[in-house]
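For reference, the structure discussed in these notes is given below.
In our numbering, the protein residues as written are 145 to 276.
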């Protein structure tokens, strides 16, 4: 299953955004506080519970500095997935989006596609607001 967030303009250079996102502690600023609990992080990974009690773990998985940052699911995640955060320079600003690629069966896809799409759109918008 593939999902892409909406593309947003961010008032920062790709390297500033990349360095911000490279520290997993900063991901808490992009998550919806009313739907997330038990956020824990180190520089290279984070985990949190989403509504419904499911724990998600994100692990840094390299990148192509400063334009792509790769994250993958950790041990506690309910299914394997990869996230790629795309960051492109547009003049003095950047344009970015989140791409999700997960191994999800058809039943699970019906349950998670809309909430995940909403989450990634929310995270993209929060990134835009963070650097406003």
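Glycine is no exception: its CB is placed at the ideal position from the N, C-alpha and C atoms.
Open item on the list: Rounded to whole angstroms, what is the Cα-Cα separation between residue 187 and residue 252?
Closed with: One alpha carbon belongs to residue 187, the other to residue 252, and they sit about 30 Å apart.
Task: residue 164 in three-state terms, based on DSSP - done: Reduced to three states, the DSSP call for residue 164 is helix.
Open item on the list: Is the separation between the beta-carbon of residue 199 and that of residue 220 shorter than 7 Å?
Closed with: In this structure, residue 220 lies closer than 7 Å to residue 199 by Cβ.
Task: Identity of the residues DSSP links to residue 221 by a beta bridge - done: Within the DSSP bridge table, the entry for residue 221 names no partner.
TODO: Measure the Cβ-Cβ separation of residue 217 and residue 242 and say whether it is below 7 Å.
DONE: Against a cut-off of 7 Å, the Cβ pair of residue 242 and residue 217 comes out as no contact.
- [ ] Using only alpha-carbon positions, find the residue among 260, 272, 266, 273 that is nearest to residue 147.
- [x] The shortest Cα separation from residue 147 among 260, 272, 266, 273 belongs to 260.
Open item on the list: Taking DSSP's pairing of strands, which residues face residue 208 in a bridge?
Closed with: Listed as beta-bridge partners of residue 208 by DSSP are 212.
TODO: Look at the alpha carbon of residue 271 and the alpha carbon of residue 174, and state the distance between them as a whole number of angstroms.
DONE: Roughly 6 Å between the two C-alpha positions.
- [ ] Report buried or exposed for residue 229, applying the criterion of at least 16 other Cβ atoms within 10 angstroms of its Cβ.
- [x] Note on residue 229: 16 or more other CB atoms within 10 angstroms of its CB, so buried under the neighbour-count rule.
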